[in-house]
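In the numbering used here, the protein residues as written are 1335 to 1527.
Shown next, in structure tokens, is the structure this report addresses.
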């Protein structure tokens, strides 16, 4: 199997307003042993975590709905997206992050979560690794309304729905978020609900 040799020649900071955007110039040794020089813009927004909350008794899942500007700018007329709960790690490890984000966004305080995989959601331009989790919930774990944090300007709607309804929303196009699709498909394949 081919494993390229890489030599970073230059890193130019283009923006660090919200996250970091660099222009990288590098040499790449191709599989025929010749070298080419390439330039790529790479966006570093940090790593994140996401979770599908599920209830085996009621056969329901918890999802969120919020405005996402990039989707609005690229053909999503409302800009609204239905997604699993997710957030950036900041200084937390993935499990700490997802427990914090779950409570902030959904209002559920979980004790136990299970990591199922790590993915690169957009490996062509973004450095992010996304840690994917599942977690069982029940009504006794509801400690607040959720909806996100005011100081982070979050405005998150919490949705509880039957798993079959959520899964059907993939085919209907109502759910277009990759991490959500992956986690719902994982639940289906594993027979969680």
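By construction, the Cβ of each residue, glycine as well, lies at the ideal position given by its N, Cα and C atoms.
- Within the stretch 1355-1431, the complete alpha helix (DSSP H) segments at least 4 residues long are 1403-1406, listed from N- to C-terminus.
- Taken through DSSP and simplified to helix, strand or coil, residue 1483 comes out as coil.
- Closest in alpha carbon position to residue 1417, among 1510, 1523 and 1371, is 1510.
- In the three-state reduction of the DSSP assignment, residue 1521 falls in the helix class.
- Proximity of the stretch 1381-1395 to the stretch 1428-1444 meets the contact definition, three or more beta-carbon pairs being nearer than 8 Å.
- The beta carbons of residue 1470 and residue 1390 sit closer together than 8 Å.
- Around the CB of residue 1397, 16 or more other CB atoms lie within 10 Å, so the residue is classed as buried.
- The residue among 1455, 1489, 1443 and 1450 with its C-alpha nearest the C-alpha of residue 1468 is 1450.
- Residue 1373 and residue 1358 have their alpha carbons spaced roughly 6 Å apart.
- Per DSSP, residue 1503 is one residue of the alpha helix (DSSP H) stretching across 1497-1506.
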